[in-house]
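Visitor: Residue numbers (the UniProt record's numbering): 1 to 111. Each residue gets a CB set at the ideal place from its N, CA and C atoms; glycine is no exception. Computed from a predicted structure; not experimentally measured.
1) Inspect the beta-carbon positions of residue 34 and residue 79 and report whether they are closer than 8 angstroms.
2) Who are the Cβ neighbours of residue 106 in its own chain at under 6 angstroms, not counting the five residues just before and after it?
3) For residue 90 and residue 36, what's the separation of their Cα atoms in angstroms?
4) Just checking my contact of residue 26 with residue 87 at CB under 8 angstroms: how many whole Å lie between their CB atoms?
5) Taking the alpha carbon of residue 82 as the point to measure from, which residue in 31, 22 and 12 has its own alpha carbon closest?
6) So, does the stretch 7 to 21 touch the stretch 91 to 99, judging by three or more C-beta pairs under 8 angstroms?
7) Identify, in the order they occur along the chain, each residue of the same chain with its Cβ nearer than 7 angstroms to the Cβ of residue 50, setting aside the five sequence neighbours on each side.
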């Protein structure tokens, strides 16, 4: 029988979770769609929940990760900031390092 390690990784901030897999996907969808509402819809998530996640990330970050614009004739929108993109890149690098560690360590299990 073959065993392997499995786990999750997230980045903690002052309020608890700052970035995790789902939050990073939400940020990428905001970048893609230009809207928190459209990003939430694409993930089958409520707008309210997505907004709370974005608000939490913005509060915990030194600089906002998402900038929101209020509605008007063309409606509102949101965009990923440079700080947000750095956070996404940092998370994916840590995520890959963690997966590499788990994979490597799994080969050393002697059960």
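Guide: Reading from the atomic positions:
1) For the purposes of this step, residue 34 is identified with residue 34 of the chain shown, where counting begins at 1. For the purposes of this step, residue 79 is identified with residue 79 of the chain shown, where counting begins at 1. For residue 34 and residue 79, yes; Cβs fall inside 8 angstroms.
2) Position 106 of the chain shown, counted from the start, is the residue given in the question as residue 106. These residues qualify, in order along the chain: 4 and 5.
3) The count along the chain shown starts at 1 and reaches residue 90 at position 90. The count along the chain shown starts at 1 and reaches residue 36 at position 36. Distance between the alpha carbons of residue 90 and residue 36 is about 21 angstroms.
4) Within the chain shown, residue 26 is the residue found at index 26, counting from 1. Within the chain shown, residue 87 is the residue found at index 87, counting from 1. That pair is no contact at about 12 angstroms.
5) In the chain shown, the residue the question calls residue 82 occupies position 82. When each option's Cα is compared against that of residue 82, the closest is 31.
6) yes
7) The sequence position of residue 50 within the chain shown is 50, counting from 1. Here the set comprises 26, 36, 39 and 40.
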